[in-house]
Every structure is written in C-alpha cells, then in structure tokens.
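In the working numbering, the protein residues as written are 85 to 241. Quick reminder that beta carbons are idealized off the backbone N, C-alpha and C, glycines included. Keep in mind the model is a prediction, meaning the values are calculated, not measured. Before any comments, here is the structure.
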C-alpha cells in the first residue's frame, strides 16, 4: 500500500440514522478500524493523499466526500444506490439469518450461512470496484469495508 494513496480518516454522515442494534454498531467499528489500518484509495485526477473521506446517504445515492489530509475539499462522488439495492437487500437477509443462527444453530449451519454471507460481500465489493473504477482506484479489501459501511448507513435498526 502506498503511504499516500490511502484513507487516513473516515467519518460517516449519520444524520439519517436514529439508532442501530449492537451487531450493526460492531460491524461499523470493525470496518472503520480495519479500513484505516490498511487500504488503497486513489481518486483519479486528485493530488496525492492521504485522504479524509466522509460517507453519507443522500437522495441521489452514496456520497463520497474526498478531502485532503488538511481537510480541503478535493472531490465529491455520488454513486447511485439503486445499483446495489438488490444485493444489499439479499445481504441484509443473509446477515439476519447469520445473527439468528449463531444463537442456537449447529456449527455446520452457521458456517454455511457465513460462507454465503462472505460470497455476497465479495460480489458487492467487486461491483463497487467496477462502478468506481473511472473515478477511484481501490483494492478489493477496501471495497469490502466500504460496502460494509454502505450497509451500516443504509440499514436502520
């Protein structure tokens, strides 16, 4: 990972979120921590980073507010959420099944659901990389964590 082509700081615009359940809150914390530990994020046409990123949901879609290390605005990217609605809906269903299964299901059932959940997560991350490729270069792990945060912002408890 280039030291300059990365996200240095990430905040979520949570104005639309009233409350979240503990599982979703934990996913948010882990995704942000993991993302800040290691990521590759390189907005096309922007000066070298590192970058500060603010993610938020707005009527037009998911907004990426990209800023310099000193917090100067660099670019704003809005990605239509309609591209992800189907996979997000299915992902939420699988996640709900996973959280229910860990309470009492046999280990084999939990593992099967978790494999499906991970496969969906990867599929969504690949779609995110594809849809952003003309505007931002990012690796799959960064896209996976950004997809998690998209879901956190989109999902209400």
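With a 10 Å radius around its C-beta and 16 neighbouring C-beta atoms as the bar for buried, classify residue 114 as buried or exposed. exposed
Between the beta-carbon of residue 93 and the beta-carbon of residue 128, is there less than 8 Å? no
Beta-carbon proximity check, residue 124 vs residue 232, cutoff 8 Å: no
So residue 148 and residue 156 are in contact, right, with Cβ under 8 Å, and what is the actual spacing, rounded? Not confirmed; about 15 Å, so no contact.
Inspect the beta-carbon positions of residue 171 and residue 181 and report whether they are closer than 8 Å. no
The beta strand (DSSP E) with residue 167 in it runs from where to where? Unbroken run through residue 167: none, as it is neither H nor E.
Ignoring anything shorter than 3 residues or poking outside the stretch 117–171, list the beta strand (DSSP E) runs there in chain order. With a minimum length of 3 residues, the continuous beta strand (DSSP E) runs that stay inside the stretch 117–171 are 125–127, 135–142, 145–151, 157–163.
Rounded C-alpha distance that separates residue 121 from residue 224: 15 Å
Buried or exposed for residue 91, going by 16 or more other Cβ atoms inside 10 Å? Buried is the call here.
Please list, in chain order, all residues of the same chain as residue 130 whose beta carbon is under 8 Å from its beta carbon, the five residues on each side excluded. 150, 158, 159
Might you give, ordered along the chain, the residues of its own chain that have their beta carbon closer than 8 Å to the beta carbon of residue 87, omitting 5 neighbours on each side? 134
Keeping to the same chain, check which residues put their C-beta closer than 6 Å to that of residue 221; ignore five residues upstream and five downstream. 126
What's the call for residue 205, buried or exposed, on a 16-neighbour Cβ count within 10 Å? buried
Delimiting residues of the alpha helix (DSSP H) encompassing residue 225: 224–238
In chain order, what residues of the same chain have a beta carbon less than 7 Å from the beta carbon of residue 118, not counting five sequence neighbours either side? 229
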